[in-house]
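Peer 1:
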């Protein structure tokens, strides 16, 4: 049986971790979308923040170990059970030039990740959580000029193409969808959400989450 709190796992990359684009440090919890979301939803909800810089859906990063989201699914689900909702916001790192992945390949990666969340052997007492897929914000159009060497103009174009692909997956699986790029944008480093964007994304997610789990 789930406890009295509604537990929400936020599974993502550096934009869930909360990198500050002004100085590449980390926003305090009160300024990250996860922390703002916790404040907006209130004490009946618990936000569980699982953001890891560089995390992909299924792609292996030769320069950074343990960044493959698929490899973390079992651990985080067993650690944080019971859950009412899983929010997945990934795809930005999958578009890096090092992976040479097309938008459709990135979408397949998301689909395989979702399968892992759905097929996980949840304890009967916990039940299965709802799943909300969030397509990522856009990078800057000239992201190839950022400090991040693995992004090129094709990365920008690939991320632009993700929302309808992710939305189609959500529809086909009977899951929930939100396009973060409609609510937030990147800051000066051309990749990470700016401070105002964290608040706007939290506002959109707060409304979406209340519609999903009450």
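Residue numbers (my numbering): 195 to 408. Just so it is clear, CB atoms sit at the ideal spot from N, CA and C, and this is done for glycine as well.
Across the segment 253 to 270 and the segment 321 to 340, are there enough close Cβ pairs to call them in contact, namely three or more that are closer than 8 Å?
Peer 2: Judged by Cβ distances under 8 Å, the segment 253 to 270 makes no contact with the segment 321 to 340, as fewer than three pairs qualify.
Peer 1: Buried or exposed: which applies to residue 244, given that a residue is buried once 16 or more other Cβ atoms fall within 10 Å of its Cβ?
Peer 2: Buried, by the Cβ-count rule.
Peer 1: According to the Cβ coordinates, are residue 363 and residue 305 closer than 8 Å?
Peer 2: Yes, the Cβ-Cβ distance between residue 363 and residue 305 is below 8 Å.
Peer 1: By Cβ distance, which residues of its chain are closer than 8 Å to residue 198, with the 5 residues on each side in sequence left out?
Peer 2: Excluding positions up to five away in sequence, the list reads 238.
Peer 1: Kindly confirm or deny that the segment 383 to 396 and the segment 207 to 216 touch, where touching means at least three C-beta pairs closer than 8 Å.
Peer 2: Contact between the segment 383 to 396 and the segment 207 to 216 is present, because at least three Cβ pairs lie under 8 Å.
Peer 1: Using the three-state DSSP reduction, which class does residue 259 fall into: helix, strand or coil?
Peer 2: Looking at residue 259 - three-state DSSP - the assignment turns out to be coil, as it is neither helix nor strand.
Peer 1: Excluding the 5 residues flanking residue 291 on each side, which residues of the same chain have their C-beta closer than 8 Å to its C-beta?
Peer 2: Once the five neighbours on either side are set aside, the close Cβ partners of residue 291 are 344, 345, 346, 348 and 349.
Peer 1: Near residue 338, what residues of its chain come up, given a Cβ to Cβ distance below 7 Å and the 5 sequence neighbours on each side ignored?
Peer 2: Once the five neighbours on either side are set aside, the close Cβ partners of residue 338 are 345, 346 and 347.
Peer 1: Can you pull the DSSP bridge partners for residue 391?
Peer 2: DSSP, once it has assigned bridges, lists no residue as partnering residue 391.
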